[in-house]
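4 protein chains.
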Amino acid sequence: MAATKPTPDASRRSEKSRRAIYAAALELVTEAGYARTTIEGIAARAGVGKQTIYRWWSSKADVLMEAYLDLADQTAEQTADQAADQAGADPAPGNYALPDTGDLAADLKLVLRATVDELLDPRFEVPSRALAAEGIADAAVGREVVAKLLEPSLQLYVQRLRAAQRAGDVRPDLDPRIALELFVSPLAQRWLQHTAPISYDYTDTLVDYALYGLAPR
Amino acid sequence: MAATKPTPDASRRSEKSRRAIYAAALELVTEAGYARTTIEGIAARAGVGKQTIYRWWSSKADVLMEAYLDLADQTAEQTADQAADQAGADPAPGNYALPDTGDLAADLKLVLRATVDELLDPRFEVPSRALAAEGIADAAVGREVVAKLLEPSLQLYVQRLRAAQRAGDVRPDLDPRIALELFVSPLAQRWLQHTAPISYDYTDTLVDYALYGLAPR
Amino acid sequence: MAATKPTPDASRRSEKSRRAIYAAALELVTEAGYARTTIEGIAARAGVGKQTIYRWWSSKADVLMEAYLDLADQTAEQTADQAADQAGADPAPGNYALPDTGDLAADLKLVLRATVDELLDPRFEVPSRALAAEGIADAAVGREVVAKLLEPSLQLYVQRLRAAQRAGDVRPDLDPRIALELFVSPLAQRWLQHTAPISYDYTDTLVDYALYGLAPR
Amino acid sequence: MAATKPTPDASRRSEKSRRAIYAAALELVTEAGYARTTIEGIAARAGVGKQTIYRWWSSKADVLMEAYLDLADQTAEQTADQAADQAGADPAPGNYALPDTGDLAADLKLVLRATVDELLDPRFEVPSRALAAEGIADAAVGREVVAKLLEPSLQLYVQRLRAAQRAGDVRPDLDPRIALELFVSPLAQRWLQHTAPISYDYTDTLVDYALYGLAPR
DNA sequence: TGATAACCGAGACGGTACGTCCTGTCTTGAG
DNA sequence: CTCAAGACAGGACGTACCGTCTCGGTTATCA
Chain A
871 MAATKPTPDA SRRSEKSRRA IYAAALELVT EAGYARTTIE GIAARAGVGK
921 QTIYRWWSSK ADVLMEAYLD LADQTAEQTA DQAADQAGAD PAPGNYALPD
971 TGDLAADLKL VLRATVDELL DPRFEVPSRA LAAEGIADAA VGREVVAKLL
1021 EPSLQLYVQR LRAAQRAGDV RPDLDPRIAL ELFVSPLAQR WLQHTAPISY
1071 DYTDTLVDYA LYGLAPR
Chain B
871 MAATKPTPDA SRRSEKSRRA IYAAALELVT EAGYARTTIE GIAARAGVGK
921 QTIYRWWSSK ADVLMEAYLD LADQTAEQTA DQAADQAGAD PAPGNYALPD
971 TGDLAADLKL VLRATVDELL DPRFEVPSRA LAAEGIADAA VGREVVAKLL
1021 EPSLQLYVQR LRAAQRAGDV RPDLDPRIAL ELFVSPLAQR WLQHTAPISY
1071 DYTDTLVDYA LYGLAPR
Chain C
871 MAATKPTPDA SRRSEKSRRA IYAAALELVT EAGYARTTIE GIAARAGVGK
921 QTIYRWWSSK ADVLMEAYLD LADQTAEQTA DQAADQAGAD PAPGNYALPD
971 TGDLAADLKL VLRATVDELL DPRFEVPSRA LAAEGIADAA VGREVVAKLL
1021 EPSLQLYVQR LRAAQRAGDV RPDLDPRIAL ELFVSPLAQR WLQHTAPISY
1071 DYTDTLVDYA LYGLAPR
Chain D
871 MAATKPTPDA SRRSEKSRRA IYAAALELVT EAGYARTTIE GIAARAGVGK
921 QTIYRWWSSK ADVLMEAYLD LADQTAEQTA DQAADQAGAD PAPGNYALPD
971 TGDLAADLKL VLRATVDELL DPRFEVPSRA LAAEGIADAA VGREVVAKLL
1021 EPSLQLYVQR LRAAQRAGDV RPDLDPRIAL ELFVSPLAQR WLQHTAPISY
1071 DYTDTLVDYA LYGLAPR
């Protein structure tokens, strides 16, 4: 509630500058990597004074976070528009739920395949990997990354697993927040740390292993 | 193998400086964090010329990597010595295998509980998290981190799971390298990204879920 | 004469703002020095928008110049009022002439002693020194300073010396504009450049040296 | 004596950088003026890191002061060399005394004419005016300017006037330090403040007025 | 008696320079 | 040759002001 700094007046903010800064930040991170991207460089590329960046963002990570969220929002909107063109009215912003066809394994495989696509799309990969790395190194950034990028997606899995529990497809006693990690975390770790390549086959296998366990039946 | 630079003469290297640099690097990373740790700072704290660092290491991450490996080796040696005092001669450096009591679930839970202890020990946590973050941001560092810190540990799980397959405790058709991720990666992600707290209960649960699957039997 | 910019309408100018800007400028210059006085600082102290300053003045030096002239006018008015209270009506603004008692040496010593007083009065010293310095550095400012602050005073000496020439107290062939510099410039230089302290004794000595020369008679 | 900062090691100082900085500072001040000359600009023009300037000098004025002193020394050396070529051995650095031909007026006029030449030489005029202005605005700089540039020259006049007093050409009771100001300060003020042009005629007149006084004989 | 045009406070904006910090290279003198 | 020490060219940091601009909000004539 309380203002800590001279509090800039958001209503007079330059929309043009904001968009130019987002674009410059994403371009530079993609071209040169996060470490070689500088506030000065973003300002220069965006044709903006440095102070305009420092006025509205607290750090390089903060700029990139918002730029990435903006990119994700716009992309989601486009995807939704295309889907709406095909399937009828659905003006909802944000993806609110995982598919539920009744076949849990198939639904999870579908979603994870889409995640693989996204993780391998260079427009998303470079900035989101940079944000993840910065979030690991800096706890404050980490909280933001988890709260705004990671946890919302994970909650969709929680909901889908709860539905599966109600349908009798998942043991009723287990914790969905832990269960989802069995197939999500392995993918995340392979992608983040390059421990091994990721593919549709791999995520399909993860779902099978997780649903039916490692021990023989 | 091949030397690219004027090749420093390793036989004349100052052992004292090397140890002082390791100590300074670990102290500074723990005190101030990786980002605020600088080569100049390490040199000053170690009472060493900057060139001595640049002569033997290629980057801040490289210094910290070796310092951390050295710390881990020394700690492992001490642990081994204590174990040897109790159980007889065992001069082997490095832990070569996971325990195999015949009870796979119990063995995995034991090892994961030890991992939790290590991940929460501040002497290890700060530098290894820094290395992980740097490894995500910088692919070259990432390869080193995976090859020297991560993969060796994972291979121990592969071996234990193969033994379990031979014993009939794990389905014979599944890939151990993927299987191990069901309980290792969730722990890794929670620790790396602070998505949720880690505990003995949590790792025990992971083992149960992974071995017996999410679907009802 | 001709206006180059959108020509502000002087009749609608805010008198309150003008006075607040003068006060703020003089205060800040006195407190912090000319270099650390900024347009933003003056605006903030005066509770005025920056544009109000840029609308009416062309530079920091310009603001200070007017503020100083205003201060000098007001002070002269007060002095004149006091004198008028004692000696009868004299509503004239500005001091029009040096005293002429018939004793040139005494008159000059009196005026120079008053000048010493003014040069050592902190309310005048700081801003006028700042203006002098800026006038030396910047030729445009210099012209203003000389025309508005310096030359008017010097002309009073010219007039008094001309009277002395007519009275036979000064050689008739010499140039009064040069002659006055013999006692005025030394005082100016000592004050401006702190080459040596200034005092009544010093200015008295200057008058004696200048009137009667260095060579023996 | 006591070191206040990490004290750079002067013996390892780069002579090349020092000379490049002097040259760049003088060039920029002459081309663009003191106010538009920046430390960054000097560093860039000299092909030098900014830190190299901040390591050895405390301010822009300090750089320019040393650069100007260096220029003056070198010029004096060249002049002395030329004089020595004509008149025999005279390896003395610095001009130690004013000429003394026995004719005080002639000697003073000669020296003041040389001063006029120097004050109008653009290589000297721009930087020395800048230093004078900065010295008026900033007391610390002012002390340096007076001690290193101004007072040494004035002391030469003191010596010449003392000799004249011994020779009976100047009244024995007067203070040479004040006396010299009668012809030096007017020239200084005209030059500094552009109150009027300076010329040989003008300085000749000053000497005459000062020696023989304003009052009729 | 509104309209309309200015000045006004406020402050965001594109820029420039500041003085500091650190990088990775190079140089010096001691061992 | 290594080493401690640290000067060097370079470049990014985050801050402070510059001078311009735009935004509502008062005035203060004119229609």
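Protein sequence lines correspond, in order, to chains A, B, C and D. At position 109 of the first sequence (counting the first as 1) the number is 979 in this note's numbering, and the numbers step up by one without a gap. At position 155 of the second sequence (counting the first as 1) the number is 1025 in this note's numbering, and the numbers step up by one without a gap. At position 150 of the third sequence (counting the first as 1) the number is 1020 in this note's numbering, and the numbers step up by one without a gap. At position 122 of the fourth sequence (counting the first as 1) the number is 992 in this note's numbering, and the numbers step up by one without a gap. We put the beta carbon where it would ideally sit given N, CA and C, even for glycine.
Asked                                                                                                                         : Found
Cβ separation of residue 1057 (chain D) and residue 1076 (chain D), assumed to be a contact under 8 Å, to the nearest whole Å : 7 Å
Residue 1001 (chain B) beta carbon less than 8 Å from that of residue 934 (chain B)                                           : yes
CB contact check: residue 1030 (chain A) to chain B, cutoff 8 Å                                                               : no
Same chain, Cβ closer than 8 Å to residue 967 (chain C), neighbours up to 5 away in sequence not counted                      : 1026, 1029, 1030
Selection from B:928, B:927, B:901 that minimises the alpha carbon distance to residue 915 (chain B)                          : B:901
Contact check, residue 1081 (chain C) vs residue 975 (chain C), beta carbons under 8 Å                                        : yes
Residue 877 (chain C) burial status per 10 Å Cβ neighbour count (16 or more: buried)                                          : exposed
With 16 other Cβ atoms within 10 Å as the buried cut-off, status of residue 998 (chain C)                                     : buried
The alpha helix (DSSP H) enclosing residue 997 (chain D), as first and last residue numbers                                   : 992–1007
Same chain, Cβ closer than 7 Å to residue 945 (chain A), five either side skipped, listed in chain order                      : none
Where residue 1098 (chain B) falls, given that 16 or more other Cβ within 10 Å makes a residue buried                         : Past the boundaries of the shown model lies residue 1098 (chain B); chain B is included only from 871 to 1087, so the question cannot be answered.
Closer than 7 Å at the beta carbon, the chain A residues around residue 1070 (chain B)                                        : Ordered by position in chain A, no residue passes the 7 Å Cβ test against residue 1070 (chain B), which lies about 14 Å from the chain.
Inter-residue Cα distance where the pair is residue 988 (chain B) and residue 942 (chain B)                                   : 11 Å
Which of helix, strand or coil DSSP assigns to residue 927 (chain B)                                                          : coil
Under the three-state DSSP convention, the category residue 1066 (chain C) falls into                                         : coil
Three-pair Cβ contact test at 8 Å for the segment 1043–1052 of chain D versus the segment 979–986 of chain D                  : no
Within 8 Å, strictly: CB atoms of residue 1008 (chain B) and residue 931 (chain B)                                            : yes
Whole-angstrom distance between residue 903 (chain A) and residue 1011 (chain B), CA atom to CA atom                          : 14 Å
Pair within 8 Å by beta-carbon distance, residue 1006 (chain C) and residue 1003 (chain D)                                    : yes
Three-state secondary structure assigned by DSSP to residue 1028 (chain D)                                                    : helix
C-beta contact flag for residue 1051 (chain A) and residue 1059 (chain B) at 8 Å                                              : yes
8 Å CB neighbourhood of residue 883 (chain D) in its chain, flanking five on each side removed                                : 926
Cβ-based contacts, 9 Å cut-off: residues of the segment 1001–1022 of chain A near chain B                                     : 1002, 1003, 1004, 1005, 1006, 1007, 1008, 1009, 1012, 1013, 1015, 1016, 1020, 1021
Beta-carbon proximity check, residue 918 (chain B) vs residue 887 (chain B), cutoff 8 Å                                       : yes
Straight-line gap, residue 1064 (chain B) to residue 929 (chain C) (C-alpha atoms, nearest Å)                                 : 55 Å
Buried versus exposed call for residue 979 (chain D) [16 or more other C-beta atoms within 10 Å across all chains shown]      : buried
Alpha-carbon spacing of residue 1087 (chain D) relative to residue 1037 (chain C), whole angstroms                            : 15 Å
Residue 990 (chain A) classed as buried or exposed, judged by whether at least 16 other C-beta atoms fall within 10 angstroms : exposed
Inter-residue spacing [alpha-carbon to alpha-carbon] between residue 992 (chain B) and residue 1067 (chain A)                 : 31 Å
8 Å contact criterion, which residue 1084 (chain A) and residue 1032 (chain B) should meet: CB distance rounded               : That belief does not hold up - the Cβ atoms of residue 1084 (chain A) and residue 1032 (chain B) are roughly 12 Å apart, past 8 Å.
Reduced DSSP category for residue 907 (chain B) - H, G, I as helix; E, B as strand; rest coil                                 : coil
Buried/exposed call for residue 895 (chain B), threshold 16 Cβ in 10 Å                                                        : buried
DSSP state of residue 1044 (chain C) mapped onto helix, strand, coil                                                          : coil
Selection from B:1021, B:1015, B:977 that minimises the alpha carbon distance to residue 1073 (chain B)                       : B:977
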